[in-house]
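Taken in order, these protein sequences are the chains called A and B. In terms of full-length UniProt numbering, the first sequence opens at residue 1 and continues consecutively. In terms of full-length UniProt numbering, the second sequence opens at residue 1 and continues consecutively.
Protein chains: 2
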Amino acid sequence: PRICRDCQELTDVERAIETVISQFHCYAVKGQKEYLTPNEMQDLVVQKLPHLGKCVGPLEEKIECMGDPNEAKLEFGEYWDMMGDANRSPPSPSPAPGSG
Amino acid sequence: PRICRDCQELTDVERAIETVISQFHCYAVKGQKEYLTPNEMQDLVVQKLPHLGKCVGPLEEKIECMGDPNEAKLEFGEYWDMMGDANRSPPSPSPAPGSG
Chain A
1 PRICRDCQEL TDVERAIETV ISQFHCYAVK GQKEYLTPNE MQDLVVQKLP
51 HLGKCVGPLE EKIECMGDPN EAKLEFGEYW DMMGDANRSP PSPSPAPGSG
Chain B
1 PRICRDCQEL TDVERAIETV ISQFHCYAVK GQKEYLTPNE MQDLVVQKLP
51 HLGKCVGPLE EKIECMGDPN EAKLEFGEYW DMMGDANRSP PSPSPAPGSG
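What follows is the structure, encoded as structure tokens:
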């Protein structure tokens, strides 16, 4: 996390941002905290962003867009943008509420 | 927050993202959750992002870049990008520690 560490008392929002950043770092093993491989990204989305992932659209598509799975890198900025996009896009129409 | 609400159990990262989003909505009073005015943005950064704000660089500059304070709008995507940039940029060199 890049938030200045010498300032101890982070606000709730700052702690939230740190959480988002630290997850990226946790999963970015091969890239040494610099980037996610497609597999790492998939793990992160499936395990940590299951609900948000649905708003981004098909994960497979995203991963294919990244290109060669052995070469592709998702850098922090792209990860951040991806989440921003998920929250920016209009909510998908929900199915008619079922019975109950 | 745009994260699908019918899915109850959000992960820690998803809750963190919700926190970041909800703060934007809290401060985006004039813009009815759609955008921040320069004053609202300043309040948010000063009150909620004091440490991160330092990494973004001078707040006054950012606000001036927004243009006419009565017309300028910071939309959610720009808010999100601003935080991403703050975390992407290399930490600024800290001044020599003072005495004490």
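Just so it is clear, CB atoms sit at the ideal spot from N, CA and C, and this is done for glycine as well.
For residue i, name the three-state secondary structure that DSSP assigns.
i: Glu-75 (chain A); result: strand
i: Leu-52 (chain A); result: helix
i: Leu-10 (chain A); result: coil
i: Gly-67 (chain B); result: coil
Against chain D, with Cβ distances strictly below 8 angstroms, would residue i count as a contact?
i: Ala-16 (chain A); result: Absent here is chain D; the protein component of the structure consists of chains A and B.
Exposed or buried, residue i, counting other C-beta atoms within 10 Å across all chains shown (16 or more means buried)?
i: Gly-67 (chain A); result: exposed
i: Gly-84 (chain B); result: buried
i: Cys-55 (chain B); result: buried
i: Pro-38 (chain A); result: buried
i: Gln-23 (chain B); result: buried
i: Asn-70 (chain A); result: exposed
i: Glu-14 (chain B); result: buried
i: Gly-53 (chain B); result: buried
i: Glu-60 (chain B); result: exposed
i: Lys-30 (chain A); result: exposed
i: Val-20 (chain A); result: buried
Please compile the residues from chain A whose C-beta is within a distance smaller than 9 angstroms of the C-beta of residue i.
i: Met-82 (chain B); result: In chain order: nothing, as chain A lies at least about 10 angstroms away.
Could you tell me whether the Cβ of residue i comes closer than 8 angstroms to any Cβ of chain B?
i: Ile-63 (chain A); result: no
In chain A, which residues lie with their C-beta within 7 angstroms of the C-beta of residue i?
i: Gly-77 (chain B); result: Gly-84 and Arg-88
Could you name the residues of chain B that residue i contacts, counting a contact when the two beta carbons are closer than 7 angstroms?
i: Val-13 (chain A); result: Thr-19, Val-20, Gln-23, Lys-48 and Leu-49
Going along chain A, which residues have a C-beta under 8 angstroms from residue i?
i: Leu-10 (chain B); result: His-51
Between residue i and the ligand SAM, is there a pair consisting of the residue's CB and a ligand heavy atom that are separated by less than 7 angstroms?
i: Lys-54 (chain B); result: The model on display carries no ligand, and the ligand SAM is accordingly not part of it.
- Query: Using a beta-carbon distance cut-off of less than 9 angstroms, what residues from the segment 32-52 of chain B approach chain A?
  - Reply: Sequence-ordered contacts of the segment 32-52 of chain B with chain A read Leu-44, Gln-47, Lys-48, Leu-49, Pro-50, His-51 and Leu-52 [C-beta pairs closer than 9 angstroms].
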